[in-house]
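Engineer:
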Amino acid sequence: MSISHSIAPYYKVMIERDSCKKCKRCTTHCSYGALSYNGERIIADNSKCVACQRCVIMCPAGAIHIIKNESFLPPHGNYTRRIRNAIWAQSGNGGVLLSAAGNDREIRSIFDDLLLDACQVTNPSIDPLRETIETKIFFGRKPSKIDFKRDTMNPNKICLKTEFMPNFEVDMPIMVGHMSLGSISYNAAMAIYQACKELNILAGSGEGGLHPDFYEFGSNIITEVASGRFGVDINYLHNAAGIEIKIGQGAKPGHGGHLPGEKVNSLISQTRMIPKGSDALSPYPHHDVYSIEDLAQLIAALKEATRYKVPIGVKIAAVHNSAPIAVGIVRGGADFLTLDGFRGGTGAAPRIIRDHAGIPIELAIAAVDERLRKENLRDEITLVAGGSIRYSADLIKAIALGADVAMCSMPVLIAMGCRVCQQCFRGLCSWGIATQQEYLVKRLDVDVARNRIINLFHSWNEELKEVLGAMGIDSVESLRSNRDRLRYIGPNPKIAEILGVKHAGE
Amino acid sequence: MIENNIVKINAAPNNRPLSYKKLNKQIHNMINFKHKKILLDDVCGQRFIAASLQGNLEIEINGLPGNDLGIFLDGPKIVINGNCEDQAGNTMNDGEIIVHGEGGDVIGLSARGGKIYIKKDVGYRVGIHIKEYENKFPVIVIGGTTKDFLGEYMAGGLIIVLGLKFLPDGKIIENPHTICGDELGTGIHRGKIILRTEEDLEDKLGIGAKVDKMTSETEKEIRPYIEEFCQTFEIPLEMLFEKPFKVIKPISKRPFGGNYIGTII
Ligand code: SF4
Ligand code: SF4
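Protein chains in written order, with this note's numbering: chain H, 771 to 1276; chain U, 673 to 937.
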């Protein structure tokens, strides 16, 4: 590539020469090869820096600063630096640009335009520190009504006619999203599963199978059956609290998956049940699911295969016609439905899809909740919603819009040390999270990471209780679909209309 | 009813077909009673028969089993005295499915192990994404012909198509139809598809697949399966070697590897 087409580095590594002790620690900690020692001083290759902050944190002298490299391009509001860089990258190498984490475009968040209601005078609030506020929910399909019949043996006895579907209890309406072993490291997965077991909340397995070491956490794990069917065998189906058919993912609706062979080490090979070094390609669709009828068939097959012991659900990316699809899924027999919004995270996805496909989760929750209620189906299923639940405010608003459980992944990674550098697909994560390289994985201390996740979700749950108390609600189940407790302050009344939320002041 | 250690279940007592739930429940009950051989009579379209069954077990089926026969199967042998519908052997881990007739679409989807032998023709999308792992090696042998998308996304194992036709009077002749449809082996990145044909297959190949000649090594590899297939369906083995075999292989282990770039922008 000629110099005239090279891309200006995004970041600049500044080293305070006076403070630097030349201990070279930064050079071993940088997994992207941006720092080296030339015998005299530390030198930085700015083009390799991803601003992951590992060196900054690890430098004993506090001598490293990563700053944004602003100096190169003439400013242009329309041809942004990113668009110009994309053109240079693609005209140089060709190919579909990869990305990771979630959509990073500055698109206005609808959650941020919603305000919460609180009690004043006419309806008393509840003090969560002194009174019980329930955050427990029951996961699984529920009958919309209960029928009774006379016992055939003893006509004086009345017994239940309605058959109950499997349900289980979780202590918080929070679920850690699906991240496969492969997209994240063994230590990261271990920390997540341990934390979820401790908190009695759910975690997703992702579509890469479940390593036998994690079977003991099965009662807190929703396993995924995706188009590649990686790692799906009887043990996998029997060691789960629930099973989810993964149709789509918010970060890449309509797209398959591609774990490159070099990441398939013996651990991943064992988990996915594919040979070491072989590419793991997930076909774009499930080739046994081309219609709602086919999907109903796969749901029924999984119920039959698990002898009706666990809830079977479906995950779809939030797209334009999510609402009618959701109706089909519920009528097709799903016990839970997972909606994943367009900001949802990923270990690797084409940038074009991550940044431009799908719809915001707020709108999808409202549209699906509304449609299911119209069809008298809403109370039958558990609705899980994710796709950028960043903090407890998003969680609370998602539930008020109509979700039973809010699902998130990025906050869990950030709690463990992730700096959102968005390079996960390269497998070089300097924090030991999105990598399979032994020397990097070791950096993630499972105990520390587990405790941080526990602390985070405890805090969120306390905040949820505070809000419920302020609203005068004593159980999170009564907040669900309670849109009257939300008000809109954004610029677009159409959004408020779709959300079924009044404008502030109304 | 038990005869010669074989326990019989009628799938349509009084001509009223049982639901798949009830039928499977009866099968599970028999397994709980330690029965190892089960005969299903009058099967009429019930789906998911033998779903996720494990162990040393034999199930014989008279009638027409519905979709997803033996889905997630892990060991048992299923023999069908007739045809089977779509997705037989879906995500199978181990075991055998022997069909004395025709098969539908999407047979053996994503199978990781086991054998599926189908005497006559099959439909579209057969053997999609079958894959091998350690001692697991899925093998699908088709006596007749197949339609489009055979072995798409294949990630291991073996598919063999023989191109025979079985006449009602018991005669076996060369199938006059083309051996397979288009998009043969699209995206294949491991494993082999063996087709017994003189046809030029170049035009039918999907992206990532190539035609290769048969080697003596590959012949040795497939011979036990072909012998077993011929024995099962009473086909004279010699007639199979009257026509050449062609081998479909992946061009590379990374068919779509070059499509993506990771430049920081
Ligand atoms: S870690 Fe800090 S002190 Fe040590 S060599 Fe690097 S910049 Fe200098
Ligand atoms: S997980 Fe690691 S690679 Fe991925 S964004 Fe976070 S710090 Fe970067």
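Idealized CB from N, CA, C, for every residue including glycine. A quick note: this is a predicted structure, and the numbers were derived from the prediction, not measured.
Taking 8 Å as the threshold, find out whether the stretch 1084 to 1092 of chain H comes into contact with the stretch 1014 to 1023 of chain H through three or more Cβ pairs.
Structural biologist: The stretch 1084 to 1092 of chain H is in contact with the stretch 1014 to 1023 of chain H.
Engineer: Is there contact here, the stretch 1118 to 1127 of chain H with the stretch 1158 to 1165 of chain H, by at least three beta-carbon pairs under 8 Å?
Structural biologist: In short, these stretches do not touch, since the Cβ pair count stays below three.
Engineer: Beta-carbon within less than 7 Å of H:S1039's beta-carbon, same chain only, minus the 5 sequence neighbours each way: which residues are those?
Structural biologist: Only P1045 and K1046 meet the Cβ criterion.
Engineer: Where U:K808 and U:F838 are concerned, what is the direct C-alpha to C-alpha distance, given to the nearest angstrom?
Structural biologist: Cα to Cα, the separation comes out at about 31 Å.
Engineer: Can you give the Cα-Cα distance for H:P1300 and H:L1153, rounded to whole angstroms?
Structural biologist: In the structure as shown, chain H starts at 771 and stops at 1276, and residue 1300 of chain H therefore has no counterpart that could be examined.
Engineer: Could you run through the stretch 699 to 724 of chain U and flag, in chain order, every residue whose CB is less than 8 Å away from some CB of chain H?
Structural biologist: Of all residues in the stretch 699 to 724 of chain U, H700, R719, F720, A723 and S724 have a Cβ within less than 8 Å of some Cβ in chain H.
Engineer: Give me, in chain order, the residues of the same chain whose beta-carbon lies closer than 6 Å to that of H:A1137; leave out the 5 immediate sequence neighbours on both sides.
Structural biologist: Taken in chain order, the residues that qualify are A1093.
Engineer: Per DSSP, U:Q726 forms a beta bridge with which residues?
Structural biologist: Partner(s): U:D746.
Engineer: What is the DSSP secondary structure of U:L839, counted as helix, strand or coil?
Structural biologist: Here U:L839 sits in coil by DSSP.
Engineer: Using a Cβ-based criterion (distance less than 6 Å to any ligand heavy atom), does H:I991 qualify as near ligand 1?
Structural biologist: No, ligand 1 has no heavy atom inside 6 Å of this Cβ.
Engineer: For a contact meaning CB atoms closer than 9 Å, what does U:L781 contact in chain H?
Structural biologist: Here the neighbours are R999, H1056, H1057 and D1058.
Engineer: In chain order, what residues of the stretch 777 to 804 of chain U put their CB closer than 8 Å to some CB of chain H?
Structural biologist: Of all residues in the stretch 777 to 804 of chain U, V778, L781, S782, R784, R797, I800, H801, K803 and E804 have a Cβ within less than 8 Å of some Cβ in chain H.
Engineer: State yes or no: is the beta carbon of U:Y932 nearer than 7 Å to at least one beta carbon in chain H?
Structural biologist: True, the Cβ-Cβ gap to chain H drops below 7 Å.
Engineer: Looking at ligand 2, does it come within less than 6 Å of H:V1190, judged from the CB to the closest heavy atom?
Structural biologist: Yes; taking the cut-off as 6 Å, the Cβ of H:V1190 has a heavy atom of ligand 2 nearer than that.
Engineer: Measure the C-alpha to C-alpha separation of U:D884 and H:N1225 and round it to an integer number of angstroms.
Structural biologist: Each residue's alpha carbon lies about 59 Å from the other.
Engineer: Quick one, which of H:R1101, H:R1213, H:M1180 and H:Y781 has its alpha-carbon nearest H:H948's?
Structural biologist: The shortest C-alpha separation from H:H948 is found at H:M1180.
Engineer: Thinking U:L712 and U:A683 are a contact (beta carbons under 8 Å), I'd like their distance in whole angstroms, please.
Structural biologist: Correct: roughly 5 Å between the Cβ atoms.
Engineer: Go ahead and pull the three-state DSSP assignment for H:G1187.
Structural biologist: Coil, per DSSP.
Engineer: If you drop the 5 nearest sequence neighbours on each side, which residues of the same chain put their C-beta closer than 7 Å to that of H:G1114?
Structural biologist: If we look at H:G1114 and ignore the five residues flanking it on each side, its Cβ neighbours are G872, Q1019, G1020, A1021, G1156, G1157 and S1158.
Engineer: For U:G755, does the count of other Cβ atoms within 10 angstroms reach 16, so buried, or fall short, so exposed?
Structural biologist: The residue you asked about is not Gly; residue 755 of chain U is Asn in the sequence shown. Buried, since its Cβ has 16 or more Cβ neighbours within 10 Å.
Engineer: For H:M771 and H:G862, I'd like the C-alpha separation in whole angstroms.
Structural biologist: Only weak support exists for where H:M771 lies, its pLDDT of 41 falling under 50; the value from the coordinates is given anyway. Straight-line Cα distance between these residues: approximately 7 Å.
Engineer: In its own chain, which residues sit with a C-beta less than 6 Å from the C-beta of H:G803, not counting the 5 before and 5 after it?
Structural biologist: Closer than 6 Å at the Cβ level, and outside the excluded window around H:G803, lie K818.
Engineer: Looking at H:F1000: is its Cβ nearer than 7 Å to the Cβ of H:R1042?
Structural biologist: Yes. Within cutoff.
Engineer: Can you have a look at U:G930 and say buried or exposed, based on whether 16 or more other CB atoms are within 10 angstroms of its CB?
Structural biologist: Burial call: exposed.
Engineer: Check whether chain H comes within 7 Å of U:H772, counting only Cβ atoms and requiring the distance to be less than that.
Structural biologist: U:H772 does not count as touching chain H.
Engineer: Could you tell me which uninterrupted alpha helix (DSSP H) segments, each at least 4 residues in length, are contained entirely in the stretch 871 to 925 of chain U, listed from first to last along the chain?
Structural biologist: List check, alpha helix (DSSP H) in window: 888 to 905 and 909 to 912.
Engineer: Can you tell me which of U:Y796, U:I844, U:K680 and U:N696 puts its alpha carbon nearest to the alpha carbon of U:G742?
Structural biologist: With distances taken between Cα atoms, U:G742 lies closest to U:N696.
Engineer: Who are the neighbours of U:A827 on chain H, taking C-beta pairs under 9 Å?
Structural biologist: The contacting residues are G998, I1044, P1045, S1048, D1049, A1050 and L1051.
Engineer: Taking 7 Å as the CB-CB cut-off, is U:F809 touching chain H?
Structural biologist: Judged by the 7 Å Cβ criterion, U:F809 is not in contact with chain H.
Engineer: By the three-class DSSP mapping on this structure, what secondary structure does H:A1071 have?
Structural biologist: In the structure shown, H:A1071 sits in a helix (DSSP, three-state: H, G or I).
Engineer: Taking one C-beta from the stretch 1229 to 1237 of chain H and one from the stretch 976 to 989 of chain H each time, how about it: are there three or more such pairs within less than 8 Å?
Structural biologist: Verdict: no, contact absent.
Engineer: Among the residues of its own chain, which have a CB less than 8 Å from the CB of H:M1241, if the five just before and after it don't count?
Structural biologist: Taken in chain order, the residues that qualify are L886, D887, A888, C889, S895, L1249 and R1255.
Engineer: Name, going along the chain, the residues of the stretch 860 to 876 of chain H whose beta-carbon falls closer than 7 Å to a beta-carbon of chain U.
Structural biologist: The stretch 860 to 876 of chain H vs chain U, Cβ under 7 Å: N863, G865, V866, L867 and L868.
Engineer: If the cut-off is 7 Å on Cβ atoms, which residues from the stretch 748 to 770 of chain U count as contacting chain H, listed in chain order?
Structural biologist: The residues in question are Q759, N762, T763 and N765.
Engineer: Can we count H:W858 as close to ligand 2, meaning its CB is less than 6 Å from some heavy atom?
Structural biologist: The answer is no for H:W858.
Engineer: U:G859 versus chain H: which residues are under 9 Å apart at the beta carbon?
Structural biologist: By Cβ distance, chain H contributes L1051 and P1053.
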